[in-house]
Amino acid sequence: MIPLPDTLAAPGVDLHMHSTASDGALSPEALMSLCRSRGLTHVALTDHDSVAGVAEAAAAAERLGLTLLPGAELSVQWRGLTVHVLGYLPEGALAPMCEGLAAQAEAREARNLEIARRLEAVGLDDALARARAGVTEQRPLGRPDFARALVEAGVVPDIAAAFKRYLGAGKRGDVKMHWPYLGEALGWIRASRGVAVLAHPLRYKLTRRKRGLLLDDFATAGGEGAELLSGFQNPDETRDLARQLAERGLLASRGSDFHFPGGHLAPGTVSDVPRTPVTPLWHHPSLAAFAGRAVPS
40 MIPLPDTLAA PGVDLHMHST ASDGALSPEA LMSLCRSRGL THVALTDHDS VAGVAEAAAA
100 AERLGLTLLP GAELSVQWRG LTVHVLGYLP EGALAPMCEG LAAQAEAREA RNLEIARRLE
160 AVGLDDALAR ARAGVTEQRP LGRPDFARAL VEAGVVPDIA AAFKRYLGAG KRGDVKMHWP
220 YLGEALGWIR ASRGVAVLAH PLRYKLTRRK RGLLLDDFAT AGGEGAELLS GFQNPDETRD
280 LARQLAERGL LASRGSDFHF PGGHLAPGTV SDVPRTPVTP LWHHPSLAAF AGRAVPS
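Pasting the structure below:
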């Protein structure tokens with residue numbers, strides 16, 4: 040195994056990617072093949088509220104000579120906002136995480152039934168079946184699937200109109216999800232002997248002060264790191280985020296948040312690494328095997 044470097048300047052690393060087990064376009068196996076073709080060596084599969092693709096990804100990664108870190112991206116509530124937490128699971132999803140993910144899946148299904156009921160009332164017959172058409176069994180439904188169904192049924196001319204008329208914020212098909220609170224979700228990760236990392240802190244459109252409050256609450260609840268590099272970012276904002284992480288002793292991670300080929304973010308794509316004293320996530324003791332470091336006896 041190639042040991043990871045002591046800095047975030049590690050172009051072979053991508054710790055945030057999605058497959059068809061959530062809202063990605065590639066199967067876990069195809070995603071691993073793409074990672075290999077792009078020269079990656081250490082990768083994580085972090086599908087939304089799911090580890091359904093991990094087994095397939097692990098088998099492909101082993102065949103291709105990649106080192107895979109199992110994970111999931113959890114949606115959680117924090118002070119009235121929805122934020123995302125990456126749970127890295129070096130021992131796999133243990134019972135606490137599996138139970139939490141099962142509860143998330145049940146909540147999603149209840150939400151989908153309600154969205155379908157509301158859309159049927161405005162003319163989309165068999166809304167749930169139409170939304171499921173062409174969706175793999177692994178992947179949970181989302182509003183984009185209902186939007187596609189509305190277009191295919193001729194109710195609206197395009198996806199944008201589907202959200203504008205029926206599925207956008209405050210519209211008839213906008214059914215809110217009651218995500219777990221931050222501390223609860225981090226409890227699942229910690230009980231599974233995992234490592235919790237705040238996903239893309241710069242995307243929540245928070246003031247610097249409020250972002251600091253989020254990082255404080257995250258650390259207090261047991262979070263141990265945050266994505267310093269997530270796709271392309273403003274370099275000044277990245278440097279400022281690095282200072283906030285360093286002040287709190289949080290580890291720094293990097294990931295593309297890759298979803299589909301052809302976009303501007305391919306596996307391994309992140310902005311330039313700033314000069315920063317923060318410690319890379321893979322220095323966490325629980326990730327020693329993933330990083331290729333000897334575990335102290």
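Whatever position you read off the sequence shown (first residue = 1), add 39 for the working numbering.
Glycine residues also receive a C-beta, built at the ideal position from the N, C-alpha and C atoms.
Using a threshold of 7 Å, is the CB atom of PRO135 nearer than that to any non-hydrogen atom of the ligand MN?
As for the ligand MN, it is missing from this structure, which has no ligand bound.
On the criterion of 16 or more Cβ atoms from any shown chain inside 10 Å, does VAL161 qualify as buried, or is it exposed?
Residue numbering aside, residue 161 sits at position 122 when the sequence shown is read from its first letter. Answer is exposed; the Cβ neighbour count stays below 16.
Alpha carbon to alpha carbon, how far is PRO109 from ALA201?
Walking along the sequence shown from the start, residue 109 turns up at place 70. Walking along the sequence shown from the start, residue 201 turns up at place 162. C-alpha separation (whole angstroms): 35 Å.
Which value, in whole angstroms, describes the spacing of the CA atoms of TRP117 and ALA330?
For the purposes of this step, residue 117 is taken as the residue at position 78 of the sequence shown. For the purposes of this step, residue 330 is taken as the residue at position 291 of the sequence shown. For the pair TRP117 and ALA330, the Cα-to-Cα distance works out to about 31 Å.
Would you call the region 84-97 in contact with the region 140-158, where contact means no fewer than 3 C-beta pairs closer than 8 Å?
Contact holds: three or more Cβ-Cβ distances are below 8 Å.
Pick from ARG248, GLU130, ALA258, PRO240: whose alpha carbon is nearest that of ARG293?
Within the sequence shown, the letter at position 254 stands for residue 293. Checking every option, the nearest Cα to that of ARG293 belongs to PRO240.
Quick check for students: name the residue ranges of the alpha helix (DSSP H) that lie wholly in the region 69-103, counting only runs of 4 or more.
DSSP runs (the alpha helix (DSSP H)) wholly in the region 69-103: 93-103.
Do LEU113 and GLY126 come within 8 Å of each other at the CB atom, strictly closer than that value?
Sequence index remark: in the sequence shown, residue 126 carries index 87 (1-based). Sequence index remark: in the sequence shown, residue 113 carries index 74 (1-based). It is a contact, given that the beta carbons lie within the stated cut-off.
Could you tell me how far apart the beta carbons of LEU84 and GLY51 are, in whole angstroms, since I believe they sit closer than 8 Å?
Within the sequence shown, residue 84 is the residue found at index 45, counting from 1. Within the sequence shown, residue 51 is the residue found at index 12, counting from 1. With a beta-carbon spacing of about 16 Å, LEU84 and GLY51 fall beyond the 8 Å limit used to define contacts.
Whole angstroms is fine: what's the gap from ILE154's alpha carbon to ARG187's?
Within the sequence shown, the letter at position 115 stands for residue 154. Within the sequence shown, the letter at position 148 stands for residue 187. ILE154 and ARG187: Cα-Cα distance of roughly 14 Å.
Where PRO316 and ARG282 are concerned, what is the direct C-alpha to C-alpha distance, given to the nearest angstrom?
Taking the first residue of the sequence shown as 1, we reach residue 316 at position 277. Taking the first residue of the sequence shown as 1, we reach residue 282 at position 243. Taking C-alpha positions only, PRO316 is separated from ARG282 by approximately 8 Å.
When the Cα atoms are used, what is the spatial distance from PRO44 to GLN272?
The residue given as residue 44 occupies position 5 in the sequence shown. The residue given as residue 272 occupies position 233 in the sequence shown. Straight through space, the alpha carbons of GLN272 and PRO44 are spaced by roughly 22 Å.
Residue ranges of each alpha helix (DSSP H) run of no fewer than 4 residues wholly in the region 135-198, ordered along the chain?
Runs found: 166-171, 182-191.
How would you label LEU252, buried or exposed, when you count the other beta carbons within 10 angstroms and need 16 or more for buried?
Taking the sequence shown and counting its residues from 1, one reaches residue 252 at position 213. Exposed, since its Cβ has fewer than 16 Cβ neighbours within 10 Å.
Measuring only the C-alpha atoms, how far is PRO129 from CYS74?
To locate residue 129, count along the sequence shown from 1; it is residue 90. To locate residue 74, count along the sequence shown from 1; it is residue 35. Here the alpha carbon of PRO129 sits roughly 19 Å from the alpha carbon of CYS74.
Would a C-beta distance cut-off of 8 Å place LEU289 and LEU280 closer than the cut-off?
Within the sequence shown, residue 289 is the residue found at index 250, counting from 1. Within the sequence shown, residue 280 is the residue found at index 241, counting from 1. No Cβ-Cβ contact shorter than 8 Å links LEU289 with LEU280.
Ordered along the chain, which non-local residues of its own chain (more than five positions away) have a Cβ less than 7 Å from that of ASP296?
Looking up residue 296 in the sequence shown gives position 257. If we look at ASP296 and ignore the five residues flanking it on each side, its Cβ neighbours are HIS55, HIS239, SER269, GLY270, LEU304.
Could you name the residues of the same chain whose beta carbon sits closer than 7 Å to that of THR308, not counting the 5 residues immediately before and after it, in chain order?
The count along the sequence shown starts at 1 and reaches residue 308 at position 269. Cβ neighbours of THR308 beyond the five flanking positions: GLY270, SER295.
At the 8 Å Cβ level, is ASP311 part of the contact set with chain C, yes or no?
The question asks about chain C, but that chain is absent: this structure has only one protein chain.
Indicate whether ALA224 and VAL124 have their beta-carbon atoms separated by less than 8 Å.
For the purposes of this step, residue 224 is taken as the residue at position 185 of the sequence shown. For the purposes of this step, residue 124 is taken as the residue at position 85 of the sequence shown. A contact, by the Cβ cut-off of 8 Å.
Could you tell me which whole alpha helix (DSSP H) segments of length 4 or greater appear in the region 206-290?
Taken in chain order, the unbroken stretches of alpha helix (DSSP H) that lie wholly in the region 206-290 and span 4 residues or more are 221-230, 247-259, 274-287.
For ARG213 and PRO42, I'd like the C-alpha separation in whole angstroms.
As a first step, residue 213 must be located in the sequence shown, where it is residue number 174. As a first step, residue 42 must be located in the sequence shown, where it is residue number 3. Reading off the sequence shown, one finds Asp at residue 213, where the question assumed Arg. Here the alpha carbons of PRO42 and ASP213 stand approximately 46 Å from one another.
May I have the straight-line CA-CA distance separating PRO300 from ALA64, to the nearest angstrom?
Indexing the sequence shown from 1 puts residue 300 at position 261. Indexing the sequence shown from 1 puts residue 64 at position 25. Distance between the alpha carbons of PRO300 and ALA64: 8 Å.
Could you check where the beta strand (DSSP E) with ALA111 kicks off and where it finishes?
Numbered from its first residue, the sequence shown carries residue 111 at position 72. Taken as a continuous stretch (DSSP letters only), the beta strand (DSSP E) holding ALA111 covers 106-117.
Between which two residues does the alpha helix (DSSP H) carrying PHE329 extend?
Position 290 of the sequence shown, counting from 1, holds the residue named residue 329. For PHE329, the uninterrupted alpha helix (DSSP H) run begins and ends at 327-330, by DSSP.
Which class does PHE297 belong to by DSSP, given the choice of helix, strand or coil?
By one-based count along the sequence shown, residue 297 stands at place 258. Correct three-state label for PHE297: strand.
SER325: which of PRO319, ASP255, ARG232, GLU286 sits nearest, CA to CA?
Position 286 of the sequence shown, counted from the first residue, corresponds to residue 325. Distances from the alpha-carbon of SER325 to those of PRO319, ASP255, ARG232, GLU286 put ARG232 closest.
Proximal residues to LEU221 (C-beta, below 6 Å), its chain only, five neighbours per side dropped
Here residue 221 refers to the residue found at position 182 of the sequence shown. The residues are VAL115, TRP117, ALA260.
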